[in-house]
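Count along the sequence shown starting at 1, add 19, and that's the number in my numbering. Okay, so here's the structure we're looking at.
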Amino acid sequence: MTQGGGRARLVTDSKFRATPAVGAAQVRGRRDENPTMGCTFHACRSRPATRPRPRAAGAALTTHGAAPPRLRTPTVRTATVRALIVRVLLACVLLIFARMAAAGDGALVLERAARSVDAWPAVRMLHDPDAALDTAAALAARDRFVRPDGPTANLGPREGAVWMHTTLEVAANAPAQWIARMYYTTLHDVVVTVFDARGRPVHSAQIGAARAHVERSARTRSLSTVLSLTPGARYDVLVRIATPTAVLVPLAFVQPEAFVEE
20 MTQGGGRARL VTDSKFRATP AVGAAQVRGR RDENPTMGCT FHACRSRPAT RPRPRAAGAA
80 LTTHGAAPPR LRTPTVRTAT VRALIVRVLL ACVLLIFARM AAAGDGALVL ERAARSVDAW
140 PAVRMLHDPD AALDTAAALA ARDRFVRPDG PTANLGPREG AVWMHTTLEV AANAPAQWIA
200 RMYYTTLHDV VVTVFDARGR PVHSAQIGAA RAHVERSART RSLSTVLSLT PGARYDVLVR
260 IATPTAVLVP LAFVQPEAFV EE
């Protein structure tokens with residue numbers, strides 16, 4: 020049963036209880052009281068639009084909801100490793116410069132890694148035909164020494180005496196003991212003298228074939244003598260040779276372990 024004139028209508032059904040029909044005006048009124056009503060079929064105009072929250076000062080801008088990248092700060096361990104690497108590189112650079120300086124003035128570098136060092140590249144020689152010079156005079160005449168221009172380790176036949184000079188640069192990591200040796204055992208008179216940086220003699224040995232084997236400082240098959248050197252120090256080595264044979268001088272400075280293996 021219904022009534023006109025905009026008043027409420029009563030709808031009856033045999034299966035349902037009579038309920039009052041709701042008019043459009045009443046629906047709008049209820050929607051105003053409850054804004055969420057009717058959202059299934061209508062856009063909720065009364066719901067406020069969601070606005071983005073203001074970004075705090077200094078906050079990182081994110082994209083697609085991803086978290087901003089975090090900057091990794093160096094830890095104490097990383098800083099220690101970097102400092103160690105810098106120190107190692109600096110030590111290598113200093114070692115290279117030291118070797119360059121030693122090579123620049125013709126010094127022969129003795130270091131732990133070099134078990135046997137050939138002296139010929141650093142040898143300079145002075146011919147003393149009258150055999151008039153002693154070790155002090157020969158050391159004072161170092162400016163007169165020249166590089167040999169003949170075959171390697173071969174000065175040929177010489178009258179009188181021949182002096183050989185070599186500057187040694189002992190590395191800080193080098194062992195203290197070295198052996199100066201020459202394989203050519205027929206050289207008659209050979210004297211090896213070592214001077215420190217102040218020009219003071221610190222070692223002298225006669226190792227020629229003219230000396231009896233028991234009288235030599237080192238009783239070896241080759242002509243040799245044991246040197247006690249200070250790591251980090253610098254030395255001048257003079258070798259005087261007087262012999263009627265050809266002056267063959269395969270001089271080398273060898274560590275004791277390598278000398279035994281030879």
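All C-beta atoms in this analysis are idealised placements derived from N, C-alpha and C, irrespective of residue type, glycine included.
N- and C-terminal bounds of the beta strand (DSSP E) containing residue i
{"i": "Ala155", "result": "Not the beta strand (DSSP E): Ala155 falls in the alpha helix (DSSP H), residues 154–159."}
{"i": "Arg143", "result": "143–147"}
{"i": "Val165", "result": "Element bounds for Val165: n/a, residue is neither H nor E."}
{"i": "Asp137", "result": "135–137"}
{"i": "Leu129", "result": "127–129"}
{"i": "Ser241", "result": "Here Ser241 belongs to no beta strand (DSSP E), and DSSP marks it neither H nor E."}
{"i": "Leu221", "result": "Looking at the sequence provided, one finds Val at residue 221 rather than Leu. Val221 -> beta strand (DSSP E) spans 220–225."}
Cβ-Cβ distance between residue i and residue j below 8 Å
{"i": "Arg166", "j": "Leu145", "result": "no"}
{"i": "His184", "j": "Arg219", "result": "no"}
{"i": "Ala199", "j": "Leu129", "result": "no"}
{"i": "Tyr254", "j": "Val279", "result": "no"}
{"i": "Thr204", "j": "Arg177", "result": "no"}
{"i": "Ala190", "j": "Pro250", "result": "yes"}
{"i": "Arg125", "j": "Ala138", "result": "What sits at residue 125 in the sequence shown is Gly, not Arg. No, the Cβ-Cβ distance between Gly125 and Ala138 is not below 8 Å."}
{"i": "Leu187", "j": "Val256", "result": "yes"}
{"i": "Trp182", "j": "Arg259", "result": "yes"}
{"i": "Pro263", "j": "His207", "result": "yes"}
{"i": "Val266", "j": "Leu174", "result": "yes"}
{"i": "Ala216", "j": "Ala160", "result": "no"}
Inter-residue CB distance, residue i and residue j (contact presumed, cutoff 8 Å)
{"i": "Leu242", "j": "Gly227", "result": "7 Å"}
{"i": "Pro269", "j": "Ala172", "result": "5 Å"}
{"i": "Gln225", "j": "Val209", "result": "7 Å"}
{"i": "Ala271", "j": "Val136", "result": "6 Å"}
{"i": "Ala277", "j": "Arg134", "result": "4 Å"}
According to DSSP, residues forming a beta bridge with residue i
{"i": "Trp197", "result": "Leu246"}
{"i": "Ile260", "result": "Val181, Val209"}
{"i": "Val189", "result": "Leu129"}
{"i": "Leu267", "result": "Asn173"}
{"i": "Tyr254", "result": "Leu187"}
{"i": "Phe214", "result": "Pro220, Asp255"}
Residue range of the unbroken alpha helix (DSSP H) whose run includes residue i
{"i": "Ala9", "result": "Outside the shown range of the chain, which is 20 to 281, sits residue 9, and nothing can be said about it."}
Within-8 Å CB hit, residue i to chain C
{"i": "Gly175", "result": "Protein chains in the displayed structure number just one, and chain C is not present."}
Residue i Cβ short of 7 Å to the ligand SAH heavy atom set
{"i": "Ala156", "result": "As for the ligand SAH, it is missing from this structure, which has no ligand bound."}
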